[in-house]
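To keep things clear, I will list the structure first and then write my remarks on it.
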Amino acid sequence: MFKTRIYDLIITLIFTWCLMRKACCTFESDELKHLNHMLNRILNESIVYQVAVLFQEQTCAAPTINSMVKSIHVKKAAIVIGATASGYFNRYDNSASQHMLNPRRSTLIFAVFCLGSNDTVSLLDLFKNTIEFIVSLDFRRTRPLCLFVLDAREKCLTDSIKDMFNYAWVRRFLDLTIAQFHSEDAGRLRNLTIHSYNPFTNVYNSDLYSPEMELFPNKLLNMHRYSLAVAIIRRPPAVNFQIDPESDRFLKINDDYVGLVPIFPSPTWHIGYGTVAIMMNVLLHVSLVYGITKILKFCSKFWLPHHILQVLLGNASPKLPTKVTERILFVFLIFLSLYYSAELYANLTDLNLLERDNGPFFTYRDLIKSNLTIEMHPDHTNMTLRDDDYRLYGLEKKVKFVNDTMNCPDRLLENKSVACLIDRAVARAKVLWDSRLHRPSMKLLKPIWSAPKGFIFSEASPYVVEFNRVMRHIFETALWYRWVVHEKKENNTLAARAELLENSDRYLMKKLKIIYFSGCGLAFISFVSELVTAHVNEYLFKIK
């Protein structure tokens, strides 16, 4: 359980703080054995590579402390920091890393209090000074794990231990354990008692140390509805990082609030697949009917190809058949022409004649003047639109509040009558996804505002890993590729694109022009074919 509390993303450090008297206390062999056992458990169960020892005074007997540090783990590097009246200074630095000087970026603080019978200083005062010193080490509110060892001649009163826990909880120290060495009846046998306190359940425990004992129990499992205000906003990995140009390190995470608008292509000439299909269908029927007339040996002057085409297109035929069988086929052609007329008019009535604004959109003023539906999350209104800026005031009147703003770009692609006010990270990811196989059909406007985003912490929540550090590590180690979602490939066939073009309710003028010029093309083909057929018949008649 302890290992799960140690995040691999945090640089782990054991910070050992020994508060001693001028006459430095020494540990008995049994006490040192217990200390080594506890610290070895922590070293083996977590990812640590550094041990730091802090002296209160330089007059302390260093050999005893050095022997304890060496007995903890031989291969661990050691930083020894001296605490004097002139300030803290680094005496030995084997890590060559500046961030190791910050004890708040640590996993454990190990403090030892050595008090004798003649000490005039209060144990609670030393404890408070220690807590305040730890708090002052860094501005972040996350609290490290703390293990306090009391070496006292007499067993401390339970009320004193509870006062220490209560003060620690006031300063938001939750994972804090107190280990106390004390003698029974002034004998040589010294016991090690482990004290713990859960402020959520208000339960105080005091037990003798055993190797099976859990030094840092998980107290967040049952908080009895304690109002722990923690919120982490779900952020995609494509956020904007501010990078230090000198060290090339990420400083903080910023994200912008932008408008996402559609891009309408310039008018181009297209012959839709539906129009081509109708033309091929008509020509196929003309060829089929003409072949039937040849097989049945109908009169060729009544069944010319251009006459059949005129009947199918709903025009009057210059020649009418006289035989019964020919008239039956002629009536069939009339019904077939009615089908083609209904099909053509059905395509015309499928058009949406509503006025549309095709842009282009460059500013938010253009977006206000357009007839696009602007979608926005209701929680972002107060932070975005409540402003004296007339542009934002105009946007507020046109906004439609939706909760699923993540799907707004999809609705924009499906029906280009929607604009989105969303985070730039989401908008940029959607634009990149849309422009994989073709030119992008939507674009980003200039940001409305920019602010650090991604995490919300309250002062009552020092137990959550800092969010931007996690995101930096994810970005630096390329772990963000795990968030890539593989969507189903779109159908890029000619039929699918033509169907999208035919079913779209936009580009009214372009569709009308396509239908008009298609009709002109068919009429021209019919006229030319009629002239060619007339000349061929005249030439054959002269030969006969």
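In mature numbering (1 follows the signal peptide of the UniProt record, and there is no 0), the protein residues as written are -25 to -1, 1 to 519.
Note that CB positions come from ideal geometry on N, CA and C, so glycine has one too.
Keep in mind it's a predicted model, so treat the numbers as computed, not measured.
Since I153 and L125 are thought to touch, with beta carbons under 8 angstroms apart, how far apart are those beta carbons, to the nearest angstrom? Taking the Cβ atoms as the reference, I153 lies roughly 7 angstroms from L125, within the contact range of under 8 angstroms.
Buried or exposed: which applies to N173, given that a residue is buried once 16 or more other Cβ atoms fall within 10 Å of its Cβ? buried
With burial defined as no fewer than 16 other Cβ atoms inside 10 Å of the residue's Cβ, what is the status of D379: buried or exposed? With fewer than 16 other Cβ atoms from the protein chains shown falling within 10 Å of its own Cβ, D379 counts as exposed.
Per-residue DSSP class, three states only, for A58: Because A58 carries a pLDDT of 29, less than 50, the predicted location of this residue cannot be relied on, and the following value inherits that uncertainty. Looking at A58 - three-state DSSP - the assignment turns out to be strand.
For the alpha helix (DSSP H) that Y179 lies in, which residues bound it at each end? Note, Y179: premise wrong, no alpha helix (DSSP H); beta strand (DSSP E) at V178 to L183.
Counting pairs of beta carbons, one from the region 390 to 404 and one from the region 340 to 352, are three or more of them closer than 8 angstroms? yes
Just list the residues that DSSP pairs F156 with in beta bridges. D126 and L167
CA-to-CA distance, I238 to F376, given in whole angstroms: 23 angstroms
Given a threshold of 16 other Cβ atoms within 10 Å of its Cβ, counted over all protein chains shown, does Y368 qualify as buried or as exposed? exposed
Any idea which residues DSSP pairs K418 with across the strands? V236
Just to confirm, is the Cβ distance from D231 to R411 under 8 angstroms? no
Which term fits L506, buried or exposed, when burial requires 16 or more other beta carbons within 10 angstroms of its beta carbon? exposed
Same chain, Cβ closer than 7 angstroms to H12, neighbours up to 5 away in sequence not counted: P186
Grab the span of the beta strand (DSSP E) containing D398 for me, first residue to last. V393 to D398
Thinking C-beta only, is Y179 closer than 8 angstroms to L167? no
On the three-state DSSP scale, how would you describe K375? Correct three-state label for K375: strand.
Taking the alpha carbon of residue 530 as the reference point, which residue from P280, I270, Y314 and C274 has its own alpha carbon closest? Here the chain covers residues -25 to 519 and nothing more, so residue 530 does not appear.
State the DSSP-derived secondary structure class of M351, mapped to helix, strand or coil. strand
Segment contact flag, the region 261 to 275 with the region 382 to 391, C-beta cutoff 8 angstroms, min 3 pairs: no
State yes or no: is the C-beta of L149 within less than 8 angstroms of the C-beta of K103? no
Could you tell me if M255 is buried or exposed, where buried requires 16 or more neighbouring beta carbons within 10 angstroms of its beta carbon? exposed
Per-residue DSSP class, three states only, for N390: coil
Just to confirm my understanding: we take H281, look at its own chain, exclude 5 residues before and 5 after, and list those with CB closer than 7 angstroms. What are they? S501, S504, E505 and T508
Please state if the CB of P422 and the CB of V233 are separated by a distance shorter than 8 angstroms. yes
Is the beta carbon of V236 sitting closer than 8 angstroms to the one on L407? Their beta carbons are not under 8 angstroms apart, which means V236 does not touch L407 by this criterion.
I'd like to check one pair, V257 with L304: are the Cβ atoms closer than 8 angstroms? no
Around the Cβ of F140, are there at least 16 other Cβ atoms within 10 angstroms (buried) or fewer (exposed)? buried
Could you tell me the distance, in whole angstroms, from the CA atom of K269 to the CA atom of L259? 15 angstroms
Is the beta carbon of L419 sitting closer than 8 angstroms to the one on A404? no
Run through DSSP, which three-state label would D150 get? D150: coil per DSSP, three-state reduction.
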